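Count along the sequence shown from 1, then add 35; that gives the number in our numbering. Yeah, the Cβ is synthetic: ideal placement off N, Cα and C, and Gly gets one too. Every value quoted in this text rests on a predicted model; they were computed, and no experiment measured them. To start, the structure under review is shown below, and the notes come after it.
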Amino acid sequence: MPKGYHDRVAFVDLSTGKIWYESYGEAFWRRFLGGRALAAYLLLRHVPKGADPLGPENALVFAPGVLTGTPISGSGRNTVAAKSPLTGGYGDAEGGGFFGAELKNAGLDALVVLGQAEAPVYLHVEGGEVALHPASHLWGKDPLEVEALIKEVHGGNTRIAQIGLAGENQVLTANVIHDLAHFAGRGGLGAVMGAKRLKAVSARARKETLPAYHDPALLKELARRMAKERMDRAAGLVTMGTVGTVKPFNLRGVLPSHNFLDGFLEGAEALDGTSLDALGIRIGRDTCYACAIRCKQVVKIEGTGRYDVRPEYGGPEYEGLGALGSTCGVTDPYAVTKANTLCNQYGLDVIGVGVTIACAMEAVEKGFLDDEGLGLRFGNGDALIAAIEKLARREGRLGELLALGAKRLAEAIGHPELAMHVKGQEVPMHDPRYKRALGVGYAVSPTGADHNHNLHDTAFAKEGRALRELRFYGEDFQPLPVENLSEAKIRMLWTKTRERGFVNSLVLCDFVPWTPEEWQEALYAATGWRLSPEEMLAVGERTLQLTRLFNLREGIPPEEDRLPERFFQPFRKGNPEAYLDPEAFREGVRTYRRLAGWEGGVDPERLEALGLEEFQNALA
């Protein structure tokens, strides 16, 4: 058995109750590692072409990585993947917390859920075995109560991934909740769980099911190194997390506001982390498994009535403050914190929900949509909260439309131009008029707009850590201005997206500032494999080629590698220099496709070079 693995993938068919296990051998694991690469492989193999994302033929994959559950910072993440009901193509998200590590240490390298249960169920993993349990008594209950009831049965050390009300109602922006306050947020994967009537997956590790590692002492040394150096490497994340970026983005005139019509919002500084601290809303910090960074927010509001929130469901990060705050024109930190907590409690992607509601607000203001007396206008925090309640419950025509996501809502009212999405997935809080190569990355992303497997132009505009680390892969990259969209910048993007695919297969957190050399070192400590920089990028490229194949097979054409027209127009209010030239953007997409071998679909020679020959006829 390869070090760092159990060589054990569990399959559960909910339609029949059948459970079985597969092993793949060391050569397989060295090619795919785990996480995203493994999930993409399993979905291409087990989801038939044309499967209904909310039907029994879809597969739902929980895939830890080779480093998930090791003692190093950032190792608490795992991939959740399925055919996305939001995009109709490949969908995945990485969730943090403790569940992924517990699943790996409970004896599995992945869990694949097939079929559809007749009545609600949950799965429990322990001792390397999966057991199926009835869950009708859990259906309709809040995550906090579900967590307590499952731990009553399986023990207090059990870790749980579950869906909330939105997943049960198959809202297309529903997510998967890990440990109450961490989320596999994007792609509507919670709706897939709801359609399968799978309320939760729980896991409990035992000493005898911990993986054997090649060099445990080196893993412990890496853990000590990051704990010792965390303030030098990641001081901003340690002290503030991501919530300290609202004010700088607004001052720069590139904070997404009013459904991306504006880049500046008067009063947005009230949403910044410093404001949350001054108001006493942010009461502490939380962390994930084995992580020294502690970048997660803990918030509490009491005594206000309508805006009261409990700390168990975590707090807003930058994406939530932007999507539910500035994008909706709302600057009241109490209302935005309440909206974020509702999304967390109901199991909703804050980006998807915020951008969808912003789309609806613009539609209402322009007379295209009846808000059913809600007062759904930019800046109305109470209407924002009421809209989330309607969306999660699919209440009324407005609730039904909001539950479909921005793309389908805008199409239903005859104004698709109002939806800020790529391939059906709502755009994150980084505007491509400012970060232009990131905009190309949005367009070519297999999951639709995503900022996490992407290049952020600002990090490469001057000499520094980001450039030094990208040179690790053999190309002498030089600083390029943020607005640059030359071939050199797109080559950076191509390298960066492959690197992100590799890291999302380990699976390690983006926010822990390990260097590529340390990723190499950690992988060697776990497995004994010394992957070269070229092999590391090859793992990442497998994720890109397999997910591109999946999307082409499901009828998502290359023409969908595009952005909403709004991003080729200047802000009404904001940075006047933030402009995305449409021809430069299109040339950037063409260059990326050429580098990826996507000029005529997917290059079969590239598949063969990556050891993916079995998928050369996937489009036949």
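Are the Cβ atoms of V333 and V479 separated by less than 8 Å?
No, they are not a contact pair.
Please list, in chain order, all residues of the same chain as N489 whose beta carbon is under 6 Å from its beta carbon, the five residues on each side excluded.
Here the set comprises L473, G476.
Check S292 in the structure and name its three-state DSSP category.
Three-state result, S292: strand.
Any idea if N652 is buried or exposed, counting beta-carbon neighbours within 10 angstroms, 16 or more meaning buried?
The residue in question, N652, is exposed, as its Cβ has fewer than 16 Cβ neighbours within 10 Å.
Name the one or two DSSP bridge partners that R194 has.
DSSP output for R194 lists A238 as bridge partner(s).
Looking only at C-alpha atoms, which of F512, G483, V542, A447 sits nearest to F495?
The shortest C-alpha separation from F495 is found at F512.
Does the segment 395-404 come close enough to the segment 372-383 to have 3 or more Cβ pairs within less than 8 Å?
No: fewer than three Cβ pairs fall under 8 Å.
Going straight from the alpha carbon of R601 to that of P283, what length do you get?
If I take the Cα positions, the gap works out to 23 Å.
Could you give the distance in angstroms between the alpha-carbon of L558 and the alpha-carbon of E424?
Their Cα atoms are separated by approximately 44 Å.
When the distance is taken between beta carbons, is G111 closer than 8 Å to G131?
Against a cut-off of 8 Å, the Cβ pair of G111 and G131 comes out as a contact.
Spatial neighbours of D87 within its chain, please: C-beta separation below 8 Å, excluding the five flanking residues on both sides.
N93, listed in sequence order.
Using only alpha-carbon positions, find the residue among L411, G434, L311 that is nearest to K373.
Cα-wise, what sits closest to K373 is L311.
For K234 versus V147, is the C-beta distance shorter than 8 Å?
In this structure, V147 does not lie closer than 8 Å to K234 by Cβ.
Using 8 Å as the threshold, is the segment 358-368 in touch with the segment 283-298, meaning 3 or more CB pairs across them?
The segment 358-368, when compared against the segment 283-298, does touch it at the 8 Å Cβ threshold.
Do the segment 108-123 and the segment 134-150 meet, that is, are 3 or more Cβ pairs less than 8 Å apart?
Result yes; three or more Cβ-Cβ pairs closer than 8 Å.
Taking only the alpha-carbon atoms, compute the straight-line gap between G302 and G499 and give it to the nearest angstrom.
Taking the straight line joining both Cα atoms gives about 33 Å.
Quick check: N519 and G70, are their CB atoms within less than 8 Å of each other?
Their beta carbons are not under 8 Å apart, which means N519 does not touch G70 by this criterion.
Determine the extent of the beta strand (DSSP E) in which V2 is found, giving its start and end residues.
In the structure as shown, the chain begins at 36 and stops at 655. Residue 2 is therefore absent and cannot be evaluated.
Among the residues of its own chain, which have a CB less than 6 Å from the CB of I318, if the five just before and after it don't count?
Excluding residues within five positions, the ones whose Cβ falls inside 6 Å are V333, K335.
Would you kindly report the start and end of the unbroken beta strand (DSSP E) that includes F46?
That run of the beta strand (DSSP E) goes 44-48.
Under 8 Å by Cβ, that's how I've got I198 and A216 pegged, so tell me the actual separation to the nearest angstrom.
Contact doesn't hold; Cβ gap of about 15 Å is too wide.
Note down the Cα distance separating M36 from D127, rounded to an integer number of angstroms.
Distance between the alpha carbons of M36 and D127: 28 Å.
Please confirm whether G536 and E510 have their CB atoms less than 8 Å apart.
Cβ distance not < 8 Å, so G536 and E510 don't count as in contact.
At the level of alpha carbons, what is the spacing between G434 and V517?
Approximately 39 Å between the Cα atoms of the pair.
On the premise that L615 lies in contact with P467, defined as a C-beta separation below 8 Å, what is that separation, rounded to the nearest angstrom?
Rounded, the Cβ-Cβ distance is 6 Å, consistent with contact.
Relative to the alpha-carbon of R530, which residue among P568, R194, G349 has its alpha-carbon at the smallest distance?
Before going on, a small fix: residue 530 reads as Thr here, not Arg. Ranking the options by Cα distance to T530, first place goes to P568.
Residues in the same chain with beta-carbon distance under 7 Å from T550, minus the five sequence neighbours each way, listed in chain order, please.
Cβ neighbours of T550 beyond the five flanking positions: E504.
Please report the Cβ distance between Q205 and L89, rounded to the nearest whole angstrom; I am assuming they are in contact, meaning their Cβ atoms lie under 8 Å.
The Cβ separation is near 6 Å, so the contact holds.
Could you give the DSSP three-state label for Q460: helix, strand or coil?
Strand at Q460.
Could you spell out the range, first to last residue, of the beta strand (DSSP E) harbouring E554?
Per the sequence shown, the amino acid found at residue 554 is Trp instead of Glu. No beta strand (DSSP E) contains W554, which is instead part of the alpha helix (DSSP H) from 551-562.
Does the Cβ of H172 have 16 or more other Cβ atoms within 10 Å, making it buried, or fewer, making it exposed?
H172 comes out exposed.
Looking at H249: is its Cβ nearer than 8 Å to the Cβ of G142?
No.
Measuring alpha carbon to alpha carbon, tell me which residue in E347, L502, L543 is nearest A523.
Of the listed residues, the one whose Cα sits closest to A523 is L502.
May I have the straight-line CA-CA distance separating R526 from E243, to the nearest angstrom?
Taking the straight line joining both Cα atoms gives about 46 Å.
Compare the C-beta of G109 against all C-beta atoms of chain C and say whether one is closer than 8 Å.
Reference to chain C is not applicable here, since this structure consists of a single protein chain.
Is there contact between the segment 447-460 and the segment 254-266, where contact requires at least three CB pairs shorter than 8 Å?
No contact exists between the segment 447-460 and the segment 254-266.
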